[in-house]
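Enquirer:
Protein chains in written order, with the working numbering: chain L, 9 to 360; chain S, 9 to 360; chain R, 9 to 360; chain C, 9 to 360.
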C-alpha cells in the first residue's frame, strides 16, 4: 500500500509535535504538509516550533515550510491539533474542500453526524460519515473526532464492563498531567508542590462524551443514542509530565464480582488490532494485579502509550466496583488516538 | 495558668518534630521530656534527629536527652507520635502509669472506651474517659486519640452538612502529601513525575473513622453509635510536601442546594475557639469561591495550618453534592490536632 | 515616627506581591498607592492580580484601585518592581517628580550616579544621591537600586572575605528558583524533571554588579571604582520555588585558611541592624557546619528570608576556597532588599 | 558470533535493573545468571526486585532464580552493580575464579593494575589486564572498571580538548539526578522543592578519576601516569530522575577559541563505534548550538543514553573556556558504560 499523504493542522503545539513524532515510522502515513497559525506561516518548521517531545525534531520535517490552516495543503488527510476556538470553522472548510479531517479538537465531537470515535470501543459509529456527507453536501471530505484525553482512558476501561454488565453510574476523579495543558501551559509555580483542583471545561466533557462513545447507532441515518448512565467528574492537575491517572467507581446494571470484572477487562480484544492497524495495542487493556499499580511514571508507556492500564479492581461500598485507570494523554488520549482512528478508517475503506 | 508539662513519644520522627515546632510558643504547654526508640535513647535530641521542619530545631530542645518510651518521664501529659506497631502497648503502659496520653497513632482509635476526637466535631465524646478509667482501673491516666490525617479534613467538612442535612453516602478520592509517610518515607523516584494510587491501610481508616467521629454518644457508659453512612475511598500519593487535598461527593439525607450547603459550612463555629484554646482556628472551615481553589501550596497554611479549606461546592450528578477539601496533614491532621485535643481536655477540666 | 507613605510600581507581579506581603506589619511604612500596567489600571487590586504569595492578599490592599505608573501617586517613596524594559523611563519620571525611587529593576543599576546598594555591604554608596540630584537637577527625588537576586547572596558572602583578604577571582554556578522568573514565568514542562542551564542576561549581571557593590567611592562626586576582580558565572534554573543556591570558588589576594574565612564570615556584623532597620537580620550571614547545608527548602527562610546562608567552606584545588551560598531570591534578593535599602535611607536621613 | 553468557552481581538494585534492561536485545550478550545479596538468594527475580526501570521486567528474566554473589555462576563474564563496600572482596573472588569482571563499583578503580576504562577515551588502557593477571596470578579472569557516573560525562567532553590543547585546570559543578543514589535512595522530602549541595564521596572521585582516564600508559607493565591537571568539584543533587548536568570551566595548556574547541568536540570519533560495538553512539559527543541546551529532560536520551551532550561553549573570564555537559547517569555513566567496556574487550579479543 502506498502511504496516505497527511497534513497536520496546529503542527507547532504540543499535540502537533506528538503527531509528527508518532507518524515517524508509521508505514501507513507520510507527512507532506504542516500548517499552523499566521505567526508561523512561511517559516521552516524547526524555527516556528519549540520542539519539546524529545531531543530533536525528525530531520525531514525540520525544513518543511509551515503553511496556513486552509485548503490547498498537499495531502488527502489532515490531523487537527487546533485549539477548539479555531478548529470549529477551519475543520469545516477542510472537510468541505475534500479532506478527511481527523480531529483532536472538541468543536465537533457532539455534532449529531460526526463520529466521536475510539476504534476499540465504537468502530461502527463511522457509519455516520455517510450521513454527514449527505447532510452537508460533501462528496469526499468528512470529520471524525477523538474524545478528550481524560475521556479516552476512562471509556476504554468502561467498555468491557458496559458490554458485560451495563453501567448506570460513574464517579471519576482525575489526576491529570501537565502536558494536557499544552506549552507553555501550566506555570511551574502552579505545579511544583501543588495540586490545582480544576481544569476548565474538562468535567463537562467527561460527563457527556462517554455517553456518546458507548451509545448505540441503530440505523445509519439516526443520531447516536446516548448511553443511559450518569457520570460525575472531579478533575485535578498534578505534577506529572504525561499520563492521566483516574480513580473510578461504577454502579453496574447487573451485579458482578471483582473476578468477573477483571475477566471482562482481560478478555477484551482490540478490533483495530485484528484489522492490522499499526498503532493498535494488544492487549489494549492491561490489568495489573499489584496493589500499587498503575503508577504514572512506570506504566504510561505500556503498549507504546496506546494501552490503558487498569489496577486495584475492588468492591466499592457506595457504588459497586472501584478501580484505577491510567492512559497516556498525548498519545492514547490525543495524537495516537487520532492516528488510530485514521488507521481504522483506512481499514474500513473510508480513506483510500 | 501554669503550663502543663508535656513529653513527646516518638519525638524524632516527622510528626514528633511537628509537635516540638507547634508547642514552641504555645502558652498552655511546656516540653519537659522527649522519648524515642532505643537507638536514640541517651543522645541529645539534635543528634538523634534529622530535623526537617525548618532550618533549626528550637534551642532549648536541642540538648534535651532522649529517653525511653516508658513511664518515668517528667511530665503529666504525653503526645504520642509513635508508629502504630509500637503505640498499642506503650500507650497503655503510659496511661496506666497515670499519664494523659494524646495519641496520633491508630492503635486505640476504635477501642470502644477511647475517644476518637476532633474538638470542633465531637467534644462530647470525651465523656468516654470516665468509662475508660473505670473499665481499665486507671485513676488518673487515659488515652484520647485523633483521627488519621486524611480523615480529619474530610470529617471537619462533613460535620456541618451532617448536622444540617444528614449524610448517607460519601465518595472520596485523596491526593495526599509526602510528609504523611514520614521521613525517609516515600523514595523520590516514586514521587517525581508520578502518582502512587495506593497508601497502605489508609482507605480502611477513612471508611470507619468518620462514622465514629460523627457518631452519637447516648449515655456516658455506652459506646459511640456509629453514624449510619457508607463511605468509599481511593487514596493517592502525589508530589506535594504538605497538605492533603480530597475530592468529595456526598448523598444527603435531606436534599440541599449548593447555597444551603455553603451557608451551613460558613456558619460553622469552632467550639474549642469559644473555649479559648490557643490552637483553635476561627473560622475552622474556610469556604473559597474561586473556581480553582483550594490549592495545596496556596491554602494549606490557612489558620496556621489548623483550618480546613473547602471549595468548588457544586451539584453531583451521581450523588447530591461535590466539593474539594484541603487540610494540612502534619498540623491539622496530626500534631496540631492532638495539641488541640489536649487544649480541649484542659478547657473541659480533664487535665489540670 | 510616622510611617512613610509608599507606592508600589508593578504591584501585580511576583515581586510586587512580595513588596505588599513584606510591608505588612513593617512599622516604618504604609502602603498608600499601587500602580501597574494599563490593563490593570482602574481595577481593585485583587481583581487585577493573581495573588500567589500565600492564601490571601492583605485585606486593606485588596480593594485599593490600581493606578498608572506615573507621577500623581499619593506617596513619598515608590518601590519599583517594574520589568527592565519599562523601568528605565518610568523611574526617571518618578524621581524627577520628587519621589524617592527604590528600584529592583536593572535599568539604572550601572548608572554612574545611581547607588547599587546592599546596606550591609556598601552603605556609604548612598553618597551618590547628592551627586545624582545635582547632575540631573532633581531637588528631592532620586533613584537607588538593589542588585540582581543572584548577585545579592553572592556579594553578601564575598564582602567579609573581600574586606579581610581581597578577592581576585570568583567562579560561581547558580541553581536558581522558579520565582525568579516571575509569574507565569517558567512553564512547568520546562521545570519538572529538568534543569535549564541558561537564564537570559543573568550571567552578565553577575559579572559586573559585584564589582560595583564591592567598589570604592573615594569622593562624593566620583563614580564608584569597580573592584578589581574577575568573575565567571554559569546560571541554571532548577525546580525550586524560592531560594537561589550557588556554588562558589574564590581566589584570594592574601591566602587564608578555611578557619580564617569562616571566622571572617561569622564575625560580620550588619550595619543596618545596628541602625535599627526593622528588616535587617542579625546575623546576616549564617554559617552552617553540617556537610549537606544550606539546603534550599530548609534554609531559605533563615532570618525571615533576609539572611544568607553559607556552608561547606573548604579548600579549592583550582582557586583558593570553595563554599555554597543560599539566599531567598524574592525576599533578600528583591523586595526585601529594596525595603532594607529604604530603611537604610531613612536611618541615614535621605528619606524623611 | 555466539553471545557471551553474562551474569549480573547486584541484579536487584537500580543499576542492576539497568543492566538487564540494556542487555535486552544486545546481540553480543545473553543473561544467564543473576546474583544479589543473601536476602534475595533463592527467590525468583521478580519477587526479589522492585522493578523500576519501566512497566515490566523482561519476561525471560522474571523467573530466573537469584543466586549468591560468588563463583559458581553459569557465565563467563559478570557485570558488577554491587555497592562499593561489598564489591571489593567479591570482585576479587570472581576474577580469581576466572570470570571477566566488568565493574561499576569504585573499589578497584584506582588499583594500579586495573583499567579504569571509557572505550572512547582510553581504549589502550586495557593493556593493564595482562599485567593484572600476571601480578595476581590469574590465568583467565580480570577486573575492568568504569568511572563514576559524574566523571564519565565530564571526561568524554574533556578528551578532545585534552588531546588538542591540553588541560591544566578544571572547575566543575554538578546537578545530579536522583537515580544516581539508587532506590530507595533520596527521600522525596529531601528532593521536592530542594537542592542538596552534597553527595558523599562524589567530589573526591571527580578530582582523581579524570586524571587516570586521561593519563598515559607508556609501557604495558607500568602504571598509568596521571594526567597533570588540577580539578575542583562541587556536587549537588537536584530533582531530576536521570541525567547529570555539569557546568564546566577549563584552563587550557594552549589557548583555543570557542570555534576551535567546538571543532575539536565535533570532530571526535568513537573508537568502539568503528570497532562495531553495538552500544557505541556516533557521534558520542553531541554539540548543541542553542543557548539553552542541553536540558536534562530533553537531551539525556541522545544516542540511546550513550552520547554526551555539550552546549554553551563560551569564553570564561577566570579560566579559558566554559561549557555545559549532560550525560545519562544510569546508562552512559553506569550500566551502559560497563556494557560498552565489555564490548570493547570482546572487540579487542580479551573476552572470547
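The beta carbon of each residue, even a glycine, is placed where N, CA and C say it ideally should be. On a predicted model such as this, the values are computed, not experimentally measured, just so you know.
1) Since residue 334(S) and residue 161(S) are thought to touch, with beta carbons under 8 Å apart, how far apart are those beta carbons, to the nearest angstrom?
2) On the three-state DSSP scale, how would you describe residue 9(R)?
3) Tell me, which residues are paired with residue 177(C) by DSSP?
4) Go ahead and label residue 10(L) buried or exposed: buried means 16 or more other beta carbons lie within 10 angstroms of its beta carbon, across all protein chains shown.
5) Is the distance from the Cβ of residue 386(S) to the Cβ of residue 117(S) below 7 Å?
6) Under 7 Å between C-beta atoms, does residue 183(L) make it to chain S?
7) Could you tell me whether the Cβ of residue 310(S) comes closer than 7 Å to any Cβ of chain R?
8) When Cβ atoms are compared, which residues of the stretch 237 to 264 of chain L fall closer than 7 Å to chain R?
9) Here's the rule: buried if 16 or more other CB atoms are within 10 angstroms of the residue's CB, otherwise exposed. What is residue 168(L)?
10) If we call anything under 7 Å between Cβ atoms a contact, is residue 381(C) one with residue 103(C)?
11) Does residue 172(L) get closer than 7 Å to chain C when you measure Cβ to Cβ?
12) Among 148(C), 255(C), 106(C), which one has its Cα closest to the Cα of residue 158(C)?
13) Report all residues from its chain with a CB closer than 8 Å to the CB of residue 286(L); omit the five preceding and five following residues, and keep chain order.
14) Assuming residue 15(R) and residue 40(R) form a contact by the criterion Cβ under 8 Å, report the distance between their Cβ atoms to the nearest whole angstrom.
15) Hey, residue 296(S) and residue 319(S): beta-carbon distance below 7 Å or not?
16) Count the CB pairs spanning the stretch 302 to 316 of chain C and the stretch 55 to 75 of chain L that are closer than 8 Å, and state whether there are at least three.
17) Alpha helix (DSSP H) containing residue 56(R): first to last residue?
18) Extract the residue ranges of the beta strand (DSSP E) inside the stretch 282 to 313 of chain S, only unbroken runs of 3 or more that lie entirely within it.
19) Counting pairs of beta carbons, one from the stretch 216 to 227 of chain L and one from the stretch 264 to 273 of chain L, are three or more of them closer than 8 Å?
20) Quick check for students: name the residue ranges of the beta strand (DSSP E) that lie wholly in the stretch 93 to 121 of chain L, counting only runs of 3 or more.
21) For residue 326(R), report the span of its alpha helix (DSSP H) as first-last.
22) Can you check which of these residues, 70(R), 76(R), 149(R), 343(R), is closest to residue 89(R) by C-alpha distance?
23) Taking 7 Å as the CB-CB limit, is residue 188(C) close to chain S?
24) Between the stretch 157 to 169 of chain S and chain L, which residues of the former have CB atoms less than 8 Å from a CB of the latter, in chain order?
25) Could you give the residue range of the alpha helix (DSSP H) that holds residue 48(S)?
26) To the nearest angstrom, how far is the alpha carbon of residue 137(L) from that of residue 233(L)?
27) Whole angstroms are fine: how far does the CA of residue 23(R) sit from the CA of residue 306(L)?
28) Count the C-beta pairs between the stretch 275 to 284 of chain C and the stretch 219 to 226 of chain C that are closer than 8 Å, then say yes if the count reaches three, no if not.
29) How many angstroms separate the CA atom of residue 77(L) from the CA atom of residue 182(R)?
30) If we ignore side chains and look at the alpha-carbon of each, how far apart do residue 3(R) and residue 58(R) end up?
31) Taking the alpha-carbon of residue 246(C) as reference, which of 73(R), 348(R), 303(R), 26(R) has the nearest alpha-carbon?
32) Looking at the C-beta of residue 205(R), does it have a partner C-beta in chain C at a distance below 7 Å?
33) Just to confirm before moving on: does the CB-CB distance between residue 326(L) and residue 240(S) stay below 7 Å?
34) With residue 151(R) as the anchor, note down where its beta strand (DSSP E) starts and where it stops.
35) How far does the beta strand (DSSP E) with residue 40(L) in it extend, from its first residue to its last?
36) Which of the residues in the stretch 195 to 221 of chain L, read from start to end, lie with their CB under 7 Å from any CB of chain S?
Expert: So, from the listed chains and residues:
1) 7 Å
2) coil
3) 238(C), 259(C)
4) exposed
5) Outside the modelled stretch of chain S, which goes from 9 to 360, sits residue 386(S), for which no answer is possible.
6) yes
7) yes
8) 247, 249
9) buried
10) As displayed, chain C neither begins before 9 nor continues past 360, which places residue 381(C) out of reach and without an answer.
11) no
12) 255(C)
13) 34, 35, 36, 351
14) 7 Å
15) yes
16) yes
17) 53 to 56
18) 293 to 295
19) no
20) 108 to 111
21) It is not in any alpha helix (DSSP H) - residue 326(R) carries neither H nor E in the DSSP assignment.
22) 343(R)
23) no
24) none
25) No alpha helix (DSSP H) holds residue 48(S); DSSP gives it neither H nor E.
26) 16 Å
27) 38 Å
28) no
29) 43 Å
30) Nothing can be reported for residue 3(R): it is not among the residues displayed for chain R, which extend from 9 to 360.
31) 303(R)
32) yes
33) yes
34) 150 to 153
35) 37 to 43
36) 201, 202, 203, 204, 205, 206, 215
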